[in-house]
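Presented below is the structure to which this report refers.
In our numbering, the protein residues as written are 94 to 853.
Here is the structure:
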């Protein structure tokens, strides 16, 4: 099928399956061309598109999130074009969903007053909606698409093969826009959908899907040709979008665009007052499971709607399917109507709660991945660099986990600036002057590591500081700080939670007596702080120091910055001279993370997968490297005293071999109660185990599928995903984002190896 769009500039639209590469190679022949491609699309299709990627003058990989639909991303594209001396005869390809199309179209239209671009929409939403229409825009000033223009592509190539790797949820949001075209102009689209069973059945019927996409494109084409500049008739395409834009912005991306449009269409249909039409719209949306949780809309967002005339909002209603109308409302009237309809929808419509379920099927993993940098080392080098006398560059930062980003942000309270450059895998830390008058509020996110390492440093340097956190962090114990820093006044803003926390006072040079079973990060925080004080200090361990490898790591980093700390051979006494200066050597290489490496190493041990992890294993002091020893030596008995973070993935390893872990009580005070979480998921997997007297005994068994709670604990999440690869049936997880806390690219690496995450 080939459609010629008739407007101020004609351009061809070609639709088919597995056509993108051949079409693009023809269109780019003998041209200087650039590529801007969605990160996920690049991940799945880089090999297939390699002839195209190799021929490009430069390629920019774009994060397909509304957050990145901004001027910064436009600047990145313009910089790429300018650096490579692009001219008006150069060409840029936009390969991705609607966000990529919007960004690249706007960048192309504003570079040298316009260079040609080719749009290759890869989501169902972009294929049936933004691929035709020539609207390109970015978000600004808290509103959606409010800086934009009309700028047409040179060509549009719709390749249905790209839809195969869409998650169910993303596929359904595109289906909503397809339904919209049926509701406003082509009832036969709705009739075809009503005859089909559900979303899964539609995805398994490519002929029907292609027919629906073609019909949807014809609807969009008709409106655009008749009213290219959106001055009247084309407004009908905004059916459902007034409320959708408000919902989308107020939900802070919890709801996708199509999901918001689905709710918006129900609201607008109810405004029309026709019960039969409303019931039919509602039934089709429910049939395809397109309705999700309603969020309270910030109706002030509606004043930014581009259809408004002063305080009048032109709402598209639907009295009859196929016959939309434009009805003007004052903002006050529309807000009042929304409150009424909102209550009705809550009572009458079965809205599915947006639980973000993620499904993992058993799979064979194969390929090569790059292990991330050590989070533990990176934290410590960042803090030491912030306290140093000159700038420092950390190398080997191939990715930046959420925890590391939190530490970087917190260092701003010390007058320090950091710059992460993914192109060179470096972080540059520049110490700065500290404003003694400011009382910083430092947000620690969910990072217990950042909090425990930095809190003593912040108090020592600032004397006054306000600490906040989120998720489980406010509930995690801080008694060690309260009992040891008696010269500091701690005020809990939301008692009994420990955060938000007001801290005022001074850390003093003296002897600190500390039990060895408290967090090693508290001791490390003291070791960073005490050298800054005016007198010598001493730390005496009143019992055997646990998690010793992490304290040794801190001592190693401090020595690299010229800090002298003496200790006894058994690490029971530390002597710290005062008035020391952190001296940077300029550059430090961060070694690979053995805790992260353990996850895919355990997967490899199953015998089913063929995974190469780069760089190769080397010499390390990281305690969590014990996981690799357990695999190599077929160890079945582990003491967790020094390596509690390995427990979740070791439990998966032992589910296939049998094994025992000691000192499990330490697991109760992590991002979750990890001991309870491990027992919970082993029970769901039907793996026999017992837990008593500080010992977890796991019997060898067969892993079964089920529904699992990750407790938003990154190590639980990643362990479950590894286990899913050899399960008897699918795993359903309530979230996966927590994995980015310590391993930013874990999901991307899993998918690179052949895994697939289906978001329902």
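Just so it is clear, CB atoms sit at the ideal spot from N, CA and C, and this is done for glycine as well.
Identify which residue in 721, 300 and 509 has its Cα closest to the Cα of residue 482.
-> 509
Residue interval of the beta strand (DSSP E) (run including residue 657) = Note, residue 657: premise wrong, no beta strand (DSSP E); not H, not E.
Backbone CA spacing between residue 352 and residue 270 [nearest angstrom] | 10 Å
Mark residue 413 as exposed unless 16 or more other C-beta atoms lie within 10 angstroms of its C-beta, in which case mark it buried.
-> exposed
Beta-carbon separation of residue 842 and residue 260 under 8 Å?
-> no
Can you check the stretch 630 to 690 for any alpha helix (DSSP H) of at least 4 residues that lies completely inside it and give the ranges in chain order?
-> 641 to 653
Between which two residues does the alpha helix (DSSP H) containing residue 851 stretch?
-> That residue, residue 851, is in no alpha helix (DSSP H); its beta strand (DSSP E) goes 850 to 852.
Mind reading off the beta-carbon distance from residue 742 to residue 815? Whole number of angstroms is fine, and I expect it under 8 Å.
-> 7 Å
Among 292, 348, 584 and 218, the one whose alpha carbon lies nearest that of residue 560 = 584
Using the rule of at least 16 other Cβ atoms within 10 Å of the residue's Cβ for burial, across every protein chain shown, is residue 237 buried or exposed?
-> buried
Residue 187 and residue 212: beta carbons closer than 8 Å?
-> yes
Where residue 138 falls, given that 16 or more other Cβ within 10 Å makes a residue buried | buried
Considering only C-alpha positions, which residue in the set 578, 496 and 644 is nearest to residue 563?
-> 496
For the stretch 284 to 302 and the stretch 134 to 152, state whether three or more C-beta atom pairs, one from each stretch, are separated by less than 8 Å.
-> no
According to DSSP, residues forming a beta bridge with residue 228 | 243
Cβ shell of residue 184 (< 6 Å), same chain only, five flanking positions each side left out = 124, 126 and 209
Should residue 160 go down as buried or exposed, given a rule of 16 or more other Cβ atoms within 10 Å for buried?
-> exposed
With DSSP as the reference, please indicate the residues paired to residue 787 in a beta bridge.
-> Paired residues: none, contrary to the question.
Same chain, Cβ closer than 7 Å to residue 697, neighbours up to 5 away in sequence not counted | 704
Rounded separation between residue 840 and residue 739 - CA only | 19 Å
Residue ranges of each beta strand (DSSP E) within the stretch 404 to 479, 3 or longer | 405 to 413, 416 to 423, 451 to 453 and 459 to 463
4-residue-minimum alpha helix (DSSP H) runs that sit fully inside the stretch 263 to 311, ordered along the chain | 280 to 288 and 292 to 296
8 Å Cβ shell around residue 759 - same chain, five flanking residues per side excluded = 610, 639, 733, 734 and 737
Since residue 163 sits in a beta bridge, which residues does DSSP pair it with?
-> Bridge partners of residue 163: none, in fact.
Return the CA-CA distance between residue 566 and residue 469, expressed in angstroms with no decimal places.
-> 18 Å
Straight-line CA distance for residue 224 to residue 727?
-> 55 Å
From what residue to what residue does the beta strand (DSSP E) around residue 854 run?
-> Residue numbering for the chain in the displayed model covers 94 to 853; residue 854 lies beyond these limits and cannot be assessed.
Using alpha carbons as the reference points, say which of 106, 131 and 132 lies closest to residue 120.
-> 106
In angstroms, rounded to a whole number, what distance separates the CA positions of residue 39 and residue 492?
-> This structure does not reach residue 39, given that the chain is present from 94 up to 853, and the question cannot be answered.
Whole-angstrom distance between residue 582 and residue 532, CA atom to CA atom | 15 Å
Alpha-carbon to alpha-carbon, residue 172 and residue 179 = 10 Å
Whole-number beta carbon distance between residue 349 and residue 292, since they are thought to touch under 8 Å = With a Cβ gap of about 14 Å, residue 292 and residue 349 do not count as contacting.
Same chain only: Cβ atoms within 6 Å of residue 792, ignoring 5 sequence neighbours per side = 751 and 781
Give me whichever residues DSSP pairs with residue 743 in a beta bridge.
-> In DSSP, residue 743 forms no bridge with anything.
Are residue 546 and residue 472 closer than 8 Å when you measure CB to CB?
-> yes
Please classify residue 755: does DSSP put it in a helix, a strand, or coil?
-> strand
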